[in-house]
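K.L.:
Dumping the structure here so I can ask a few things about it.
Protein chains in written order, with this note's numbering: chain A, 13 to 128; chain B, 77 to 188.
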């Protein structure tokens, strides 16, 4: 099966600019996650969707970050305006809604954002 | 989920066994130990999981101490492709779609 697709792979922007990332999960996976991974740290959850609804966005900096999954398939994550500390890899993961063991999570390769 | 402690980094010679330790002294009876790894420029990938018995699959072996307070991931014949960050995660198996919570992991460098 096709994996989780993310684009772009790399993005360099100046601070205060805006940027958007796109994620296409595995077909049929109802749950989608966005993680932020700062260099040298493990991934940190930003937001979780179940179909097109938000399950958990408690760690999303809502003053500058937004995310949507309008049709319950693809998702976009936006940052506006970007700050230097937003430089990180943004990972998307998906999982089918039937539950099951922890190996059911599939991650994309991420988007590496550099804010200068 | 219980907290885990892992060494920051380890080296291993190519072809030798890599033994990655993880401490989880506050693990509770219904929590499993899971291992994921993240190769450079990729997302995390599942390796193996276990409750209290030792487990083995095509990628690795997992040894869990009798008191379940620590475990060791074993890559029996490490190759250069095993160079990655390895994450030990403890959580209840029936957590459903709750997200994975990652620590800093162990950076394993396999040296030729």
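We put the CB at the ideal spot given by N, CA and C, even for glycine.
Tell me, which residues are paired with residue 125 of chain B by DSSP?
P.N.:
Reading the second chain from its first residue, position 49 is the one you call residue 125 of chain B. Residue 125 of chain B is bridged to B/110.
K.L.:
On the DSSP bridge list, what partners appear for residue 187 of chain B?
P.N.:
To locate residue 187 of chain B, count along the second chain from 1; it is residue 111. Paired residue(s): B/89.
K.L.:
Going by beta carbon distance, what residues of the same chain come within less than 6 Å of residue 96 of chain A, once the five residues before and after it are set aside?
P.N.:
Translated into the one-based positions of the first chain, residue 96 of chain A becomes position 84. Taken in chain order, the residues that qualify are 27 and 127.
K.L.:
Just to confirm, are residue 109 of chain B and residue 156 of chain B a CB contact at a threshold of 7 Å?
P.N.:
The count along the second chain starts at 1 and reaches residue 109 of chain B at position 33. The count along the second chain starts at 1 and reaches residue 156 of chain B at position 80. Taking 7 Å as the Cβ cut-off, residue 109 of chain B and residue 156 of chain B do not qualify as a contacting pair.
K.L.:
Return helix, strand or coil for residue 17 of chain A, following the three-state DSSP convention.
P.N.:
By 1-based counting over the first chain, the position of residue 17 of chain A is 5. Residue 17 of chain A: strand per DSSP, three-state reduction.
K.L.:
May I have a chain-ordered list of the beta strand (DSSP E) segments no shorter than 3 residues that lie completely inside the stretch 26-81 of chain A?
P.N.:
With a minimum length of 3 residues, the continuous beta strand (DSSP E) runs that stay inside the stretch 26-81 of chain A are 31-36, 43-49, 56-62, 65-68 and 77-80.
K.L.:
From residue 91 of chain B to residue 154 of chain B, what does the alpha carbon distance come to, in whole angstroms?
P.N.:
Taking the second chain and counting its residues from 1, the one referred to as residue 91 of chain B is at position 15. Taking the second chain and counting its residues from 1, the one referred to as residue 154 of chain B is at position 78. Residue 91 of chain B and residue 154 of chain B: Cα-Cα distance of roughly 5 Å.
K.L.:
Residues in its own chain within less than 8 Å of residue 152 of chain B by CB, not counting five upstream and five downstream?
P.N.:
Taking the first residue of the second chain as position 1, residue 152 of chain B is located at position 76. So the list reads 93, 136 and 137, once near-sequence residues are dropped.
K.L.:
Indicate, with yes or no, if the ligand FAD has a heavy atom lying under 6 Å from the CB of residue 52 of chain A.
P.N.:
In the structure shown, the ligand FAD is absent, as is every other ligand, since no ligand is present at all.
K.L.:
Per DSSP, which residues does residue 97 of chain B bridge with? Please list them.
P.N.:
Mapped onto the second chain, residue 97 of chain B falls at position 21. DSSP lists B/148 as partners of residue 97 of chain B.
K.L.:
If I measure Cβ to Cβ from residue 93 of chain A and keep anything under 6 Å in the same chain, skipping five residues before and after, which residues do I get?
P.N.:
Here residue 93 of chain A is taken as the residue at index 81 of the first chain, counted from 1. 28, listed in sequence order.
K.L.:
Please name the residue in A/81, A/21, A/68 and A/37 whose C-alpha comes closest to that of residue 107 of chain A.
P.N.:
On the first chain, residue 107 of chain A is found 95 positions in, with the first residue counted as 1. Of the candidates A/81, A/21, A/68 and A/37, the one whose C-alpha sits nearest the C-alpha of residue 107 of chain A is A/37.
K.L.:
Quick one: measure Cβ to Cβ for residue 89 of chain A and residue 71 of chain A, integer angstroms, because I've assumed they're closer than 8 Å.
P.N.:
What you label residue 89 of chain A is simply residue 77 of the first chain in a count that begins at 1. What you label residue 71 of chain A is simply residue 59 of the first chain in a count that begins at 1. Actually they are not in contact, since the Cβ atoms of residue 89 of chain A and residue 71 of chain A sit about 13 Å apart, beyond 8 Å.
K.L.:
Does the structure place the stretch 79-89 of chain A close enough to the stretch 51-66 of chain A that three or more beta carbon pairs sit under 8 Å?
P.N.:
Flag = yes, the stretch 51-66 of chain A and the stretch 79-89 of chain A touch.
K.L.:
Listing by chain order, which chain A residues have their CB less than 7 Å from the CB of residue 181 of chain B?
P.N.:
Looking up residue 181 of chain B in the second chain gives position 105. 54, listed in chain order.
K.L.:
Would you check if the distance between the CB atom of residue 119 of chain B and the CB atom of residue 125 of chain A is smaller than 7 Å?
P.N.:
Here residue 119 of chain B is taken as the residue at index 43 of the second chain, counted from 1. Here residue 125 of chain A is taken as the residue at index 113 of the first chain, counted from 1. Against a cut-off of 7 Å, the Cβ pair of residue 125 of chain A and residue 119 of chain B comes out as no contact.
K.L.:
Looking at chain A, which residues of the stretch 120-132 of chain B have a Cβ within less than 8 Å of any of its Cβ atoms?
P.N.:
Per Cβ criterion, the list reads 120, 121, 122 and 125.
K.L.:
Just by C-beta distance, which residues in the stretch 157-171 of chain B are closer than 9 Å to chain C?
P.N.:
Looking for chain C here will not work: the only protein chains present are A and B.
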